[in-house]
């Protein structure tokens, strides 16, 4: 371990190959069906991280007053719409652009400018949205976020860990599947961003392998 005086810590330099736009401010409304468009007038403003279940925040319940969904039991709600608008930098022309979600509970379908571009399974994942964006113009991003496989192609069997937990919940003496569903988190517990990278290729992850015995430091 190097002494700080010998190798002082420095903040990371700006990465010219990767740019990010944080997506913090969104609108939320309950999702009744992915075949039914979200009502632009029914959104309430929220900030990420944002969870509507199992315990809705008092501020969310207050904001819902006067909306068509004011009487919806949010703690029992499995799916919600999240929407935001963002200006895409002109300098992103020719780059690959990804929507990145962190702390997603549990799955999401994504629309950009009215075009469905794909789905993501949480907790952390990203999706290429390049084809639906135009550099230098505003983009409208909609997320259909579900904690219980509603309106997405993924199923319970696609997530081995959750499938096993739900199976155990149905065993004698346990709380039951319905209780587990209501206790499952719903929303985005982390954050969201748009990430622009070179269109050709990128290094996504590094594995650093130090060895005290051989005095080597390897990187995969």
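In the working numbering, the protein residues as written are 353 to 572.
Don't be surprised by glycine CBs; every beta carbon is placed ideally from N, CA and C.
(request) Could you name the residues of the same chain whose beta carbon sits closer than 7 Å to that of residue 403, not counting the 5 residues immediately before and after it, in chain order? (result) As a working mapping, residue 403 is identified with position 51 in the chain shown. Closer than 7 Å at Cβ, skipping near neighbours: 537, 538, 539 and 541.
(message) Classify residue 558: buried if its beta carbon has 16 or more other beta carbons within 10 angstroms, exposed otherwise.
(response) The residue you call residue 558 lines up with position 206 of the chain shown. Exposed, because fewer than 16 other Cβ atoms sit within 10 Å of the Cβ of residue 558.
(request) Please classify residue 499: does DSSP put it in a helix, a strand, or coil? (result) Taking the first residue of the chain shown as position 1, residue 499 is located at position 147. Three-state DSSP puts residue 499 in coil, outside helix and strand.
(request) Pull up the DSSP beta-bridge partners for residue 369, would you. (result) As a first step, residue 369 must be located in the chain shown, where it is residue number 17. Answer is none; residue 369 lacks a bridge partner.
(request) Would you decide whether residue 375 is buried or exposed? Buried here means 16 or more other CB atoms lie within 10 Å of its CB. (result) Here the question's residue 375 lines up with position 23 in the chain shown. Buried: at least 16 other Cβ atoms inside 10 Å.
(request) Write down every uninterrupted run of the alpha helix (DSSP H) in the stretch 397-479 whose length is 4 residues or greater and which is fully enclosed by it, in chain order. (result) 410-415
(request) Starting from residue 532, trace the alpha helix (DSSP H) both ways and give me its first and last residue. (result) In the chain shown, residue 532 corresponds to position 180, counting from 1. Run containing residue 532: 529-535, per the alpha helix (DSSP H) assignment.
(request) Give every residue of the same chain whose Cβ lies closer than 8 Å to the Cβ of residue 399, excluding the five residues on either side of it in the sequence, and list them in chain order. (result) Here residue 399 refers to the residue found at position 47 of the chain shown. Closer than 8 Å at the Cβ level, and outside the excluded window around residue 399, lie 376, 377 and 378.
(request) Could you pull the start and end residues of the beta strand (DSSP E) that residue 560 belongs to? (result) Numbered from its first residue, the chain shown carries residue 560 at position 208. Where residue 560 is concerned, the enclosing beta strand (DSSP E) stretches over 560-563.
(request) Given a cut-off of 8 Å, decide if residue 487 and residue 550 are closer than it, judged by their beta-carbon atoms. (result) Numbered from 1 along the chain shown, position 198 holds the residue referred to as residue 550. Numbered from 1 along the chain shown, position 135 holds the residue referred to as residue 487. For residue 550 and residue 487, no; Cβs fall outside 8 Å.
(request) Run the CB neighbour count on residue 534, radius 10 Å, all protein chains shown included, and call it buried at 16 or more, exposed below. (result) For the purposes of this step, residue 534 is taken as the residue at position 182 of the chain shown. When all chains shown are included, residue 534 counts as buried.
(request) Could you tell me which residues DSSP puts in a beta bridge with residue 380? (result) Taking the chain shown and counting its residues from 1, one reaches residue 380 at position 28. In the DSSP output, where bridge partners are listed per residue, residue 380 has 396 and 434.
(message) I need the DSSP call for residue 576, collapsed to helix, strand or coil.
(response) With the chain covering 353 to 572 only, the question about residue 576 has no answer from this structure.
(request) Answer with buried or exposed for residue 397, where buried requires no fewer than 16 other C-beta atoms within 10 angstroms of its C-beta. (result) Translated into positions along the chain shown, residue 397 becomes position 45. It counts as exposed.
(message) Tell me the rounded alpha-carbon separation between residue 514 and residue 425.
(response) Here residue 514 refers to the residue found at position 162 when the chain shown is read from its first residue. Here residue 425 refers to the residue found at position 73 when the chain shown is read from its first residue. Answer to the nearest angstrom: the Cα atoms are 24 Å apart.
(message) Is the beta carbon of residue 480 closer than 8 Å to that of residue 450?
(response) Here residue 450 refers to the residue found at position 98 of the chain shown. Here residue 480 refers to the residue found at position 128 of the chain shown. Cβ distance < 8 Å, so residue 450 and residue 480 count as in contact.
(request) For residue 494, name the three-state secondary structure that DSSP assigns. (result) Position 142 of the chain shown, counted from the start, is the residue given in the question as residue 494. Residue 494: strand per DSSP, three-state reduction.
(message) Less than 8 Å between the C-beta atoms of residue 572 and residue 555, yes or no?
(response) Locating residue 572 in the chain shown gives position 220, counting from the first residue. Locating residue 555 in the chain shown gives position 203, counting from the first residue. Their beta carbons are not under 8 Å apart, which means residue 572 does not touch residue 555 by this criterion.
(message) Once the 5 residues before and after residue 543 are set aside, which same chain residues still bring their CB inside 6 Å of it?
(response) The sequence position of residue 543 within the chain shown is 191, counting from 1. The answer, listed in chain order, is 400 and 454.
(request) Sort 386, 370 and 381 by Cα distance to residue 504 and report the nearest one. (result) Taking the chain shown and counting its residues from 1, the one referred to as residue 504 is at position 152. With distances taken between Cα atoms, residue 504 lies closest to 386.
(request) Buried or exposed for residue 414, please, with buried defined as at least 16 other CB atoms from any protein chain shown within 10 angstroms of its CB. (result) Within the chain shown, numbered from 1, the residue matching residue 414 stands at position 62. Exposed, since its Cβ has fewer than 16 Cβ neighbours within 10 Å.
(message) Please report the distance separating the alpha-carbon of residue 570 from that of residue 547.
(response) One-based indexing of the chain shown puts residue 570 at position 218. One-based indexing of the chain shown puts residue 547 at position 195. So the two alpha carbons sit approximately 28 Å from each other.
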